[in-house]
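Enquirer:
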Amino acid sequence: MKTWVHDFGKFKMVLDESDKDLSRQVKFTGAYNDEKLETAVIRENLKPGYTMVDIGANLGFYSMLAASLVGNAGRVFSFEPFAHNVDLIRASARENGFDNVKVINCAVSDKIGSAKLYLSPYYSSEHSLFDYHYSTGSDSTENTVDVKTVTIDQYLESEAGDLRVDFIKMDIEGSEGKAITGMEKTITENKNVSLLTEFWPNAIANSGVEPKEYLERLTGFGFELFHIDGVEQRVYPVTASQILDIMKRRSAEGFEDYKEIALGGWYTTLLCKK
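According to the UniProt record's numbering, the sequence shown is numbered sequentially starting from 1.
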């Protein structure tokens, strides 16, 4: 693996020459521009001393950003099932001297055990516990790896020692509905916790959870929903029905230049605040 270190100012990252997503973008532009709004939201919501849980950490951009914001008094728990990415996250933590970043080589779900991780041929950020036929469209196990699964409630209680969490970021390619089930206690006990979650209706449905049900569970926890709208480049409050209408409308549009979206339908990001 050929790597290099990029300095983002407040933190550094060890990036991978073979990565066609974040690493390539940073190499050619000097920044991670795809998720500028999400980055701004996290900067606004994380304070020194906070505990942040990064579910689906990929190469660790948000984990390193969070560690730079919460400081030595804070904590970052970084969950990533793909071992190659875990090595990069740990290397980045060492590069920054972030001793408060705990990297867990597991997928987050609704139960403790094991599962198959389906590997996208495009980007490691799209690896998923559910098959979207990104690769061959066959049932070949050559495009999967076995990974361990944990629940957030179990991990925090048994390994971290407490359930205190201030901010959760979750981007796990359709497994969000399952993961929420495994963190009900954490969300309930933390009265001011905020959640940043990808909302990909087709992927969530593919996991066996209805998108509407997922949104209703979020609002049932007492969360207000805010749409981090990458199309309009703004953040605004929405109801569950409104975001479903937005997704339906945008999914009806053409995706000639976006083959991944054409395969799986439109996706976006929600900020959930109590």
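Just so you know, even glycine gets a beta-carbon here, dropped at the ideal spot from N, CA and C.
Could you check the C-alpha separation between Val41 and Trp200 for me, to the nearest Å?
Expert: Approximately 19 angstroms between the Cα atoms of the pair.
Enquirer: What are the boundary residues of the alpha helix (DSSP H) that includes Ile55?
Expert: From DSSP, Ile55 is part of no alpha helix (DSSP H) but of the beta strand (DSSP E) over Thr51 to Ile55.
Enquirer: From the DSSP output, in three-state form, read off Phe167 for me.
Expert: Phe167: strand per DSSP, three-state reduction.
Enquirer: Just to confirm, are Phe28 and Ser68 a CB contact at a threshold of 9 angstroms?
Expert: In this structure, Ser68 does not lie closer than 9 angstroms to Phe28 by Cβ.
Enquirer: What is the rounded straight-line gap between the Cα of Asp229 and the Cα of Leu270?
Expert: Each residue's Cα considered, the two are about 8 angstroms apart.
Enquirer: Where in the segment 19-79 do unbroken runs of the beta strand (DSSP E), each at least 3 residues long, occur, reported from the N-terminal end onward?
Expert: 51-55 and 75-79, all fully within the segment 19-79.
Enquirer: Taking only three categories from DSSP, how would you classify Lys274?
Expert: Lys274 falls in the coil class under three-state DSSP.
Enquirer: Using C-beta distances below 8 angstroms, list every residue in its chain close to Ile55, excluding the 5 sequence neighbours before and after it, in chain order.
Expert: Excluding sequence neighbours, Ile55 sits near Phe79, Val108, Ile152, Ile168, Lys169, Met170, Asp171, Ile172 and Ala179.
Enquirer: For the beta strand (DSSP E) containing Leu129, name the first residue and the last one.
Expert: Per DSSP, Leu129 belongs to no beta strand (DSSP E) and is neither H nor E.
Enquirer: Give me the DSSP bridge partner(s) of Arg217.
Expert: Arg217 is not bridged to any residue.
Enquirer: Looking only at C-alpha atoms, which of Val101, Ala93 and Ser92 sits nearest to Arg75?
Expert: Comparing Cα positions, the closest option is Val101.
Enquirer: If the criterion is Cβ atoms closer than 9 angstroms, does the pair Phe77 and Val53 meet it?
Expert: Yes; because the gap between Cβ atoms is below 9 angstroms, this pair is in contact.
Enquirer: With a Cβ-Cβ cutoff of 9 angstroms, do Glu126 and Met13 count as a contact?
Expert: Not in contact: Glu126 and Met13 (Cβ atoms no closer than 9 angstroms).
Enquirer: Rounded to a whole number of angstroms, what is the C-alpha to C-alpha distance between Ile112 and Thr149?
Expert: Spanning the two alpha carbons is a distance of roughly 5 angstroms.
Enquirer: Would Ala93 and Ser63 qualify as a contact pair, given that the criterion is a beta-carbon distance under 9 angstroms?
Expert: The answer is yes: Cβ separation under 9 angstroms.
Enquirer: Ala91 lies in the alpha helix (DSSP H); which residues open and close that run?
Expert: Taken as a continuous stretch (DSSP letters only), the alpha helix (DSSP H) holding Ala91 covers Ala83 to Asn96.
Enquirer: Could you compute how far the alpha carbon of Glu253 sits from the alpha carbon of Lys2?
Expert: Roughly 39 angstroms separates the two Cα atoms.
Enquirer: Determine the direct distance from the alpha carbon of Ser158 to that of Glu184, and round the result to whole angstroms.
Expert: One C-alpha to the other measures close to 16 angstroms.
Enquirer: Any idea which residues DSSP pairs Ala115 with across the strands?
Expert: Answer is Val147, bridged to Ala115.
Enquirer: What distance in whole Å lies between the Cβ atoms of Val165 and Thr39, which are believed to be in contact at a cut-off of 8 angstroms?
Expert: With 8 angstroms as the limit, Thr39 and Val165 do not qualify as a contact, their Cβ atoms being about 20 angstroms apart.
Enquirer: Cα separation between Glu44 and Leu244?
Expert: Spanning the two alpha carbons is a distance of roughly 26 angstroms.
Enquirer: Measure the alpha-carbon distance for Arg217 versus Val70 and round it to whole angstroms.
Expert: Going from the Cα of Arg217 to the Cα of Val70 covers about 28 angstroms.
Enquirer: Along the chain, where does the alpha helix (DSSP H) containing Met1 start, and where does it finish?
Expert: Careful: Met1 lies outside any alpha helix (DSSP H) and carries neither H nor E.
Enquirer: Using CA atoms only, rank isn't needed, just tell me which of Leu59, Asp146, Gly49 and Pro48 is closest to Glu17.
Expert: If we check each option's Cα against that of Glu17, Leu59 comes out closest.
Enquirer: Here's the rule: buried if 16 or more other CB atoms are within 10 angstroms of the residue's CB, otherwise exposed. What is Asp162?
Expert: Exposed, by the Cβ-count rule.
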